[in-house]
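Participant:
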Amino acid sequence: MSVVGKEVIKAVITLLTTAFALVAGLAWNSAIQELINTFLDKGSALTGLFVYAIIVTVIAVVVTLILGRFADKMGIELEE
Numbered sequence: 001m002s003v004v005g006k007e008v009i010k011a012v013i014t015l016l017t018t019a020f021a022l023v024a025g026l027a028w029n030s031a032i033q034e035l036i037n038t039f040l041d042k043g044s045a046l047t048g049l050f051v052y053a054i055i056v057t058v059i060a061v062v063v064t065l066i067l068g069r070f071a072d073k074m075g076i077e078l079e080e
């Protein structure tokens, strides 16, 4: 693969990682909060927010790791 091709894939992976973080923070907001609210008492909003933050963080980390492994297989070095 050419240097330009690797740079394009590197840029796309960076953009996808950033986009996923945004999607995880916005699009899943209501769904995850409603799911948490079904299992927690109505007075435990703070607990629900922490559970929500942990779930979103785990999803974002897993996707980022998958994209990083894909980059390694393609021989692309990502910035730390």
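Mind the numbering: the sequence shown is residues 1 to 80 in the numbering used here, read in order.
Cβ atoms here follow ideal geometry from the backbone N, Cα and C, with glycine treated the same way.
If you drop the 5 nearest sequence neighbours on each side, which residues of the same chain put their C-beta closer than 7 angstroms to that of A60?
Facilitator: Sequence index remark: in the sequence shown, residue 60 carries index 60 (1-based). Excluding residues within five positions, the ones whose Cβ falls inside 7 angstroms are F20, A21 and A24.
Participant: According to DSSP, is D72 helix, strand or coil?
Facilitator: Position 72 of the sequence shown, counting from 1, holds the residue named residue 72. Here D72 sits in helix by DSSP.
Participant: Spatial neighbours of V56 within its chain, please: CB distance less than 6 angstroms, with the 5 preceding and 5 following residues excluded, ordered by chain position.
Facilitator: The sequence position of residue 56 within the sequence shown is 56, counting from 1. Around V56: A24.
Participant: For the alpha helix (DSSP H) that contains K10, what are its first and last residues?
Facilitator: To locate residue 10, count along the sequence shown from 1; it is residue 10. Where K10 is concerned, the enclosing alpha helix (DSSP H) stretches over V3 to L26.
Participant: Please return the same chain residues whose Cβ sits closer than 8 angstroms to the Cβ of A70, not counting the five positions on each side in sequence.
Facilitator: Translated into the one-based positions of the sequence shown, residue 70 becomes position 70. It should be noted that the sequence gives Phe, not Ala, for residue 70. I13, listed in sequence order.
Participant: Grab the span of the alpha helix (DSSP H) containing E77 for me, first residue to last.
Facilitator: If you number the sequence shown from 1, residue 77 lands on position 77. Counting along the chain, E77 falls outside any alpha helix (DSSP H), and DSSP gives it neither H nor E.
Participant: Alpha carbon to alpha carbon, how far is V4 from L35?
Facilitator: The sequence position of residue 4 within the sequence shown is 4, counting from 1. The sequence position of residue 35 within the sequence shown is 35, counting from 1. Roughly 44 angstroms separates the two Cα atoms.
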